[in-house]
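To start, the structure under review is shown below, and the notes come after it.
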Ligand SMILES: Nc1ncnc2c1ncn2[C@@H]1O[C@H](COP(=O)(O)OP(=O)(O)O)[C@@H](O)[C@H]1O
Ligand SMILES: [Mg+2]
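In my numbering, the protein residues as written are 1 to 256.
Written out as structure tokens, the structure reads:
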């Protein structure tokens, strides 16, 4: 299933947040959305997921979602959003509760989701007993339980320390190699975008417009930091982001 956003414009009060943003997310790809804080990334993701209605433009899907999908567009949040008094297993089961299905299928979906993020042994554990990385893996399992067509991830690693981020990035890459999930991955971290994305959409500072879309045409296992292609991609992205930062700074100085 593809997800298509056409000419999305959005504002809060008089403040324009997104200006004419068009994007097609193709089935099986990870699109990273990179942009400075406050440029409208989360707003765009909410609009993609149908949580917010844009002032202008439209979002639609094309093609069929996977057969077992219960919820085609599913979120993974930065703060995990786990229910503290429920075990990992109960948390992962939560989005299945209002879907009619046999108990056996419910259990099979939960088991499969936990297995995909390597949390099978932690099914009975409560969130407070988990490390930050494991909490985020539990929340990814909860998203996977509905077999989404597209995962919408809003800075899912931001609340984690550098080492845990690194490990979770490896987990996401392994998961993608196993399941070829489709995702929109919002981040303000250039390195993450280059490591994970098949394409990186660079948004300008507010109002968010697409500055450029950079294709990272390299298998994940060939993205060592020392690889010339990776270095080139980082340089291109850095120059795009740098220009945005400099322009913003100039405007601030001019105003002063
Ligand atoms: N519900 C809202 N009401 C009013 N302003 C909002 C709302 N959500 C976001 N904003 C504002 O819109 C801008 C873009 O926000 P956001 O999409 O969260 O940016 P990002 O995720 O890129 O940091 C920010 O200036 C933010 O303060
Ligand atoms: Mg945000």
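Where is the CB? At the ideal position from N, CA and C, for every residue including glycine.
Asked: Three-pair Cβ contact test at 8 Å for the segment 109 to 123 versus the segment 180 to 193; Found: no
Asked: Cross-strand partners of residue 32 (DSSP beta bridge); Found: 185 and 200
Asked: Heavy atom of ligand 1 within 7 Å of residue 61 beta-carbon; Found: no
Asked: Exposure label - residue 48; buried when at least 16 CB within 10 Å; Found: buried
Asked: Member of 78, 181, 82 and 70 whose CA lies at the smallest distance from the CA of residue 97; Found: 70
Asked: Cα-Cα separation, residue 245 to residue 34; Found: 13 Å
Asked: Cβ-heavy atom distance, residue 155 to ligand 2, below 7 Å; Found: yes
Asked: Residues bridged to residue 210 [DSSP beta-bridge criterion]; Found: 203
Asked: Residue 19, buried or exposed, once every other Cβ within 10 Å from all chains shown has been counted against 16; Found: buried
Asked: Alpha-carbon to alpha-carbon, residue 250 and residue 228; Found: 32 Å
Asked: Burial state of residue 242 (16 or more Cβ within 10 Å); Found: exposed
Asked: Simplified DSSP state of residue 1, which is helix, strand or coil; Found: coil
Asked: Nearest-angstrom Cβ-Cβ length linking residue 4 and residue 60, presumed shorter than 8 Å; Found: 6 Å
Asked: Of the residues 142, 178 and 2, the one placed nearest residue 92, counting alpha carbons only; Found: 142
Asked: Residues near residue 79 by beta carbon distance below 7 Å, same chain, minus five either side; Found: 159
Asked: Neighbourhood of residue 104 by C-beta, 8 Å cutoff - its chain only, sequence neighbours within 5 removed; Found: none
Asked: Continuous beta strand (DSSP E) stretch holding residue 57: start and end; Found: 56 to 62
Asked: Delimiting residues of the alpha helix (DSSP H) encompassing residue 134; Found: 132 to 144
Asked: Check whether residue 74 and residue 156 have beta carbons under 8 Å apart; Found: no
Asked: Separation of residue 38 from residue 44, as counted between CA atoms; Found: 11 Å
Asked: Beta-carbon spacing of residue 171, residue 117 below 8 Å; Found: yes
Asked: Beta carbon proximity, residue 212 to chain D, threshold 8 Å; Found: The displayed structure is made up of one protein chain only, and chain D is not part of it.
Asked: Distance CB(residue 201)-CB(residue 16) smaller than 8 Å; Found: no
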